[in-house]
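Numbering (my numbering), first residue to last: 3 to 88.
Backbone N, C-alpha and C fix where the C-beta goes; we use that ideal spot for every residue, glycine too.
Given the structure is predicted, the values throughout are model-derived calculations rather than measurements.
The structure appears right after this line, and notes come after that.
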Amino acid sequence: MKFKDALYLTLASIGTGLLLGIFSILKSPFNAIASLIAVVLAIYYFRKNERKGLRIGYVIFSILYYLLFIFMLSVYQFYQLSPASA
């Protein structure tokens with residue numbers, strides 16, 4: 003794998019993970035826009051890269067970045083809502 007492929011894999015999976023995280027947070031009309039953008043990004047990535055390993059990596063890293071984004075947002079909201087005990 004070349005550096006360019008790895009960089010493109012990272013950027014595309016971060017973008018898709020963030021868009022999926024935004025999809026799960028936003029309300030009705032805006033989450034549809036986020037999901038459509040994520041689908042377009044995935045289709046563009048799959049057309050550009052035909053190697054099976056890069057496609058599998060894209061799906062796995064997109065899911066991991068989605069979970070990381072949701073976890074970080076949950077931690078942030080927890081600390082915003084909880085009273086300061088220290």
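Worksheet item: What do you reckon, are the CB atoms on Ala14 and Tyr60 nearer than 8 Å?
Response: yes
Worksheet item: Along the chain, where does the alpha helix (DSSP H) that runs through Leu21 open and close?
Response: Phe5 to Ile27
Practice prompt. Could you check if Ala8 is buried or exposed, using at least 16 other CB atoms within 10 Å of its CB as the buried criterion?
Written response: exposed
Discussion item. Mapping the DSSP letters down to three states, classify Pro31 as helix, strand or coil.
Written reply: Looking at Pro31 - three-state DSSP - the assignment turns out to be helix.
Worksheet entry | Cut-off 6 Å between Cβ atoms - residues of its own chain near Ser64, not counting five sequence neighbours on either side | Excluding five sequence positions before and after Ser64, the CB atoms of its chain that fall closer than 6 Å to its own CB belong to Ser15, Thr18 and Gly19, given in chain order.
Fill in: Endpoints, alpha helix (DSSP H) assigned at Arg53
Premise fails: Arg53 is in no alpha helix (DSSP H) and is neither H nor E.
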